[in-house]
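Asks: In the numbering used here, the protein residues as written are 8 to 106.
Each residue gets a CB set at the ideal place from its N, CA and C atoms; glycine is no exception.
Take a look at this one; I'll ask things after.
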């Protein structure tokens, strides 16, 4: 779970998902209000994890899966993202360039 670099507050899953679903590049610490950013390494890891869903859709077009198999696979992938995304997020106090 991510930890605020300013006050060392460990974020909960709910706080992380709420901050992650906004369109801002920064996340505001719910404890101290400091702006936090994902590290470059963290953004790369989480983007690879989230890229699984479009890849799954492309695979489903190439392989003749039934709808039931596709829905089950997407359910499993979504559960994996919910479990592993918070573990991959690392925070820093300043924004780092991706490249």
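If you draw a straight line from the alpha carbon of residue 47 to that of residue 84, how long is it in whole angstroms?
Replies: Answer to the nearest angstrom: the Cα atoms are 24 Å apart.
Asks: Would the beta-carbon of residue 33 fall within 7 Å of that of residue 22?
Replies: No, the pair does not count as a contact, with Cβ atoms beyond the cut-off.
Asks: Just to confirm my understanding: we take residue 77, look at its own chain, exclude 5 residues before and 5 after, and list those with CB closer than 6 Å. What are they?
Replies: Within the same chain, residue 77 has close Cβ partners 67.
Asks: Our contact map puts residue 81 next to residue 53 with C-beta atoms below 8 Å; I'd like the distance itself, whole angstroms only.
Replies: Not a contact, Cβ separation roughly 18 Å.
Asks: Can you list, in chain order, the residues of its chain whose CB lies under 8 Å from that of residue 100, leaving out five sequence neighbours each side?
Replies: Excluding sequence neighbours, residue 100 sits near 12, 13, 41, 42, 43 and 44.
Asks: What three-state label does DSSP hand residue 98 in the structure shown?
Replies: If DSSP states are grouped into helix, strand and coil, residue 98 belongs with the strands.
Asks: Kindly identify the DSSP beta-bridge partner or partners of residue 35.
Replies: DSSP, once it has assigned bridges, lists 42 as partnering residue 35.
Asks: Exposed or buried, what is residue 26 when buried is set at 16 or more other beta-carbons lying within 10 Å of its beta-carbon?
Replies: Buried: at least 16 other Cβ atoms inside 10 Å.
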